[in-house]
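Number of protein chains: 2
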Amino acid sequence: MKSDNSLHGISRRGLISGLVLLPALSGLSLSAIAQTQTTQDGSLGSWNEGPAKQAIIDFVRSATDQANSKFVPPEQRIATFDQDGTLWVEHPIYSQVVYCLDRVPPLVEQNPKLKDVEPFKTILSGNREAIAKLSLHDLEKVLVATLTGISVDEFDAEVKKWLTTAKDGRWKRPYTDLVYQPMIEVMQYLRGNGFKTYIVTGGGQDFVRVYSEHVYGIPPEQVVGTAAGTKFGYQKDGTPFLTKEPKLLLNDDNAGKPEGIHLMIGRRPRAAFGNSDGDREMLEYTGAGDGARLMMLVLHDDAQREYAYGPAQGLPETKVGAFSQALFDEAKEKSWTIVSMKNDWKRVFAFVEKR
Amino acid sequence: MKSDNSLHGISRRGLISGLVLLPALSGLSLSAIAQTQTTQDGSLGSWNEGPAKQAIIDFVRSATDQANSKFVPPEQRIATFDQDGTLWVEHPIYSQVVYCLDRVPPLVEQNPKLKDVEPFKTILSGNREAIAKLSLHDLEKVLVATLTGISVDEFDAEVKKWLTTAKDGRWKRPYTDLVYQPMIEVMQYLRGNGFKTYIVTGGGQDFVRVYSEHVYGIPPEQVVGTAAGTKFGYQKDGTPFLTKEPKLLLNDDNAGKPEGIHLMIGRRPRAAFGNSDGDREMLEYTGAGDGARLMMLVLHDDAQREYAYGPAQGLPETKVGAFSQALFDEAKEKSWTIVSMKNDWKRVFAFVEKR
Numbered sequence: 014m015k016s017d018n019s020l021h022g023i024s025r026r027g028l029i030s031g032l033v034l035l036p037a038l039s040g041l042s043l044s045a046i047a048q049t050q051t052t053q054d055g056s057l058g059s060w061n062e063g064p065a066k067q068a069i070i071d072f073v074r075s076a077t078d079q080a081n082s083k084f085v086p087p088e089q090r091i092a093t094f095d096q097d098g099t100l101w102v103e104h105p106i107y108s109q110v111v112y113c114l115d116r117v118p119p120l121v122e123q124n125p126k127l128k129d130v131e132p133f134k135t136i137l138s139g140n141r142e143a144i145a146k147l148s149l150h151d152l153e154k155v156l157v158a159t160l161t162g163i164s165v166d167e168f169d170a171e172v173k174k175w176l177t178t179a180k181d182g183r184w185k186r187p188y189t190d191l192v193y194q195p196m197i198e199v200m201q202y203l204r205g206n207g208f209k210t211y212i213v214t215g216g217g218q219d220f221v222r223v224y225s226e227h228v229y230g231i232p233p234e235q236v237v238g239t240a241a242g243t244k245f246g247y248q249k250d251g252t253p254f255l256t257k258e259p260k261l262l263l264n265d266d267n268a269g270k271p272e273g274i275h276l277m278i279g280r281r282p283r284a285a286f287g288n289s290d291g292d293r294e295m296l297e298y299t300g301a302g303d304g305a306r307l308m309m310l311v312l313h314d315d316a317q318r319e320y321a322y323g324p325a326q327g328l329p330e331t332k333v334g335a336f337s338q339a340l341f342d343e344a345k346e347k348s349w350t351i352v353s354m355k356n357d358w359k360r361v362f363a364f365v366e367k368r
Numbered sequence: 014m015k016s017d018n019s020l021h022g023i024s025r026r027g028l029i030s031g032l033v034l035l036p037a038l039s040g041l042s043l044s045a046i047a048q049t050q051t052t053q054d055g056s057l058g059s060w061n062e063g064p065a066k067q068a069i070i071d072f073v074r075s076a077t078d079q080a081n082s083k084f085v086p087p088e089q090r091i092a093t094f095d096q097d098g099t100l101w102v103e104h105p106i107y108s109q110v111v112y113c114l115d116r117v118p119p120l121v122e123q124n125p126k127l128k129d130v131e132p133f134k135t136i137l138s139g140n141r142e143a144i145a146k147l148s149l150h151d152l153e154k155v156l157v158a159t160l161t162g163i164s165v166d167e168f169d170a171e172v173k174k175w176l177t178t179a180k181d182g183r184w185k186r187p188y189t190d191l192v193y194q195p196m197i198e199v200m201q202y203l204r205g206n207g208f209k210t211y212i213v214t215g216g217g218q219d220f221v222r223v224y225s226e227h228v229y230g231i232p233p234e235q236v237v238g239t240a241a242g243t244k245f246g247y248q249k250d251g252t253p254f255l256t257k258e259p260k261l262l263l264n265d266d267n268a269g270k271p272e273g274i275h276l277m278i279g280r281r282p283r284a285a286f287g288n289s290d291g292d293r294e295m296l297e298y299t300g301a302g303d304g305a306r307l308m309m310l311v312l313h314d315d316a317q318r319e320y321a322y323g324p325a326q327g328l329p330e331t332k333v334g335a336f337s338q339a340l341f342d343e344a345k346e347k348s349w350t351i352v353s354m355k356n357d358w359k360r361v362f363a364f365v366e367k368r
């Protein structure tokens with residue numbers, strides 16, 4: 014019975030959608046019909062109709078159509094995504110920085126001497142204003158203390174544990190819930206069309222790799238991030254292990270993004286997605302080649318559903334992900350696509366009902 | 014006609030192999046039958062029956078059988094291969110070093126001052142004995158001069174050009190012909206069973222990436238090698254490009270191999286293949302985990318079909334890929350598999366007829 018029913022259902026659906034499409038068919042090419050179907054089946058269902066959604070669809074159509082002069086052979090289908098502010102919320106503070114701050118109390122418990130040493134003393138005080146005023150140099154001390162000196166397996170376990178308990182202050186949800194549903198759909202849509210999707214983040218490579226597969230469907234080996242070295246050694250019983258070292262190998266931001274892409278991927282991407290001046294060089298590098306190309310920048314202009322910050326387009330400046338007017342102008346000049354969170358996204362998160 | 018013929022052929026082959034197998038079926042589990050078929054259909058056709066071939070088959074069987082306690086989930090199926098001496102000939106001199114030496118004359122033409130500067134002067138002399146005596150420090154100068162200071166695209170084009178013209182002295186064939194057919198089959202067999210295959214080489218990452226896809230079926234992004242940094246910049250017309258810098262990021266040999274694996278892959282491999290003391294740490298790291306594991310070392314003991322060198326097992330010591338007796342003993346103690354080129358391989362190269 015079930016089998017009969019579902020077969021019948023498919024057949025009826027097929028018929029109905031065929032009838033609905035009929036009036037639109039005249040003058041459309043076959044690939045346009047296929048595209049209309051893709052849109053209708055909801056693969057980009059959280060996107061409003063508009064130039065941003067259309068740019069994604071047009072790019073995929075050119076890249077995958079062998080008859081198109083911009084066709085991209087399957088092995089060259091590489092798409093890179095910045096993470097903070099492009100795939101998940103970065104405001105008011107990067108989640109990884111929260112992780113590092115949260116690691117300070119257990120660290121001091123292990124090493125009580127740190128209790129009276131700055132910047133650990135200030136962090137332990139819980140005084141948010143004072144913490145916000147910590148210098149970059151102080152922050153670096155915290156990063157080194159909390160991200161290095163332990164084995165890669167211990168670090169992995171710590172981050173996993175933290176992700177299950179830590180919650181964002183505004184939505185009271187795990188940070189991994191705060192991913193942008195429209196971007197998840199773009200990644201799925203690209204993968205469905207033969208693209209390998211990569212994260213290329215200024216955040217810590219080891220940190221993002223812990224949850225990338227679960228949250229984004231991107232395996233650890235497709236996460237490129239700021240990376241410190243490790244040191245191979247042996248435990249007393251002879252078991253080999255790797256310790257995270259305070260030695261920066263790749264600062265994966267700004268010019269470091271194309272450099273990191275060359276180091277870790279070795280191919281120029283065909284599509285790149287960012288949201289800040291730190292992504293500029295990655296988008297420029299992606300754009301400097303022939304064939305189909307897609308360069309997109311997410312503009313945080315939605316204070317109600319997420320945040321609004323810039324200073325591009327007169328949005329207020331913040332400590333995270335500056336999107337300057339200069340980058341906005343460069344994007345316009347080079348025909349990159351600006352994604353307005355407010356106008357282009359039907360919804361921001363999976364957990365929010367559609368409007 | 015063609016279509017009818019081939020359909021008929023398949024059907025007859027299926028029938029015949031079924032009849033041949035019948036007497037062997039009693040007492041064999043279904044997976045054993047499947048395995049017998051795998052062996053018969055030639056997926057490891059250049060391997061002689063023996064413990065090495067059996068170890069590969071047993072490993073894949075455990076890793077892919079969900080009922081097996083050593084089952085490996087598909088996303089964790091990572092296999093890493095050293096290149097020089099494991100996948101292709103490294104004796105008497107690494108191919109990449111030949112490339113660098115071959116690049117010296119055009120380099121001097123561009124910069125005539127180098128003509129009287131060592132070690133370029135000696136290399137230009139063509140005196141093989143003198144060239145062989147160059148110090149490591151001299152060699153480093155040649156590597157820096159020939160591998161850095163050019164754009165990654167120029168380097169890619171140079172290597173491609175060289176590969177079509179350069180020939181090995183003994184076989185008078187392009188270096189990319191000198192790959193070991195049995196290892197190509199292992200890589201294909203692993204990929205056919207859901208493994209991602211990686212090269213993890215002490216050689217230059219950018220060098221190997223030029224031909225890895227064509228020669229091994231391994232895309233550039235799955236090549237981990239000794240890597241120097243690049244520098245992002247702009248041409249006069251504003252086009253962004255990357256220049257290869259003389260700044261070592263990863264020395265992918267010895268302890269650098271597991272460190273490079275963590276940096277570039279972020280997972281511990283389930284299988285690792287090497288042929289020298291430089292692969293020891295990679296094999297140890299691969300072996301230090303639960304579930305199905307395979308660690309293999311290729312022993313060059315076939316002076317007739319390839320080369321015989323060691324000094325493990327009393328084989329003569331050479332400048333390339335030392336396989337020490339200590340490593341041989343460690344392999345025995347840890348039940349790693351030693352592959353004897355002489356005994357385990359039916360043939361070494363694709364271009365040599367089967368014996």
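Order-wise, the sequence lines are chains A and B. Here the first sequence stands for residues 14 to 368, numbered as in the working numbering. Here the second sequence stands for residues 14 to 368, numbered as in the working numbering. Glycine included, C-beta positions come from ideal geometry on N, C-alpha and C. As the structure is a prediction and not an experimental result, all values here were calculated from the model.
Own chain partners of residue i with C-beta closer than 7 Å, once the 5 adjacent residues on each side are dropped
i, result
"Ala143 (chain A)", "Thr135"
"Ala344 (chain B)", "Leu310 and Ile351"
"Pro282 (chain A)", "Ile91, Ala92, Thr93, Ile274 and Thr299"
"Gly287 (chain B)", "Asp95, Thr99, Met295, Leu296 and Leu310"
"Trp175 (chain A)", "Tyr112 and Asp115"
Closest by C-alpha distance to residue i, when choosing among the options
i, options, result
"Thr331 (chain B)", "B:Ser82, B:Ala145, B:Lys244 and B:Lys185", "B:Ala145"
"Thr159 (chain A)", "A:Ser59, A:Arg116 and A:Trp184", "A:Arg116"
"His227 (chain A)", "A:Gly279, A:Lys173 and A:His313", "A:Lys173"
"Pro324 (chain A)", "A:Gly304, A:Asn356, A:Ala335 and A:Leu147", "A:Ala335"
"Leu328 (chain A)", "A:Leu340, A:Ile70, A:Val111 and A:His313", "A:His313"
"Asn61 (chain A)", "A:Glu198, A:Gln326, A:Arg204 and A:Gly273", "A:Glu198"
"Leu276 (chain A)", "A:Leu262, A:Phe286, A:Ala301 and A:Ser148", "A:Leu262"
"Thr99 (chain B)", "B:Val192, B:Ile231 and B:Lys355", "B:Val192"
"Ala339 (chain A)", "A:Ser353, A:Asp290 and A:Ala316", "A:Asp290"
"Gly269 (chain B)", "B:Gly238, B:Ala305 and B:Arg204", "B:Gly238"
"Glu272 (chain A)", "B:Asn140, B:Ala68, B:Asp342 and B:Ser164", "B:Ser164"
"Arg222 (chain A)", "B:Ile278, B:Thr177 and B:Asp219", "B:Ile278"
Minimum Cβ-Cβ distance from residue i to chain A less than 9 Å
i, result
"Thr243 (chain B)", "yes"
"Arg306 (chain B)", "no"
"Arg222 (chain B)", "yes"
"Phe254 (chain B)", "yes"
"Pro259 (chain B)", "no"
"Glu167 (chain B)", "no"
"Ile163 (chain B)", "no"
"Pro105 (chain B)", "no"
"Ala285 (chain B)", "no"
"Pro233 (chain B)", "yes"
"Pro271 (chain B)", "yes"
"Ala240 (chain B)", "yes"
Closer than 9 Å to chain B by CB, residue i
i, result
"Gly279 (chain A)", "yes"
"Pro187 (chain A)", "no"
"Lys209 (chain A)", "yes"
"Ser348 (chain A)", "no"
"Glu62 (chain A)", "no"
"Ile91 (chain A)", "yes"
"Leu156 (chain A)", "no"
Spatial neighbours of residue i in its chain, beta-carbon cut-off 8 Å, leaving aside the 5 residues before and after
i, result
"Thr77 (chain A)", "Phe84, Val85, Asn206 and Gly207"
"Ser225 (chain A)", "Ile212, Ile231, Pro232, Pro233, Gln235 and Val236"
"Ala301 (chain B)", "Arg281"
"Arg186 (chain B)", "Lys180 and Phe364"
Rounded Cβ spacing between residue i and residue j (contact assumed at less than 8 Å)
i, j, result
"Glu346 (chain A)", "Pro253 (chain B)", "Wrong, their Cβ atoms sit about 15 Å apart, outside the cutoff."
"Thr214 (chain A)", "Asp265 (chain A)", "6 Å"
"Val111 (chain A)", "Ala179 (chain A)", "7 Å"
"Trp358 (chain A)", "Ser59 (chain A)", "6 Å"
"Thr177 (chain A)", "Ala241 (chain A)", "Contact flag wrong, Cβ pair sits at about 25 Å."
Nonlocal neighbours in the same chain, by C-beta distance under 6 Å from residue i, ignoring five residues either side
i, result
"Val333 (chain B)", "Glu103 and His104"
"Val73 (chain B)", "Asn206"
### Message
Counting only Cβ-Cβ distances shorter than 7 Å, please list the residues of the stretch 286-302 of chain B near chain C, keeping chain order.
### Response
Reference to chain C is not applicable here, since the protein chains of this structure are A and B.
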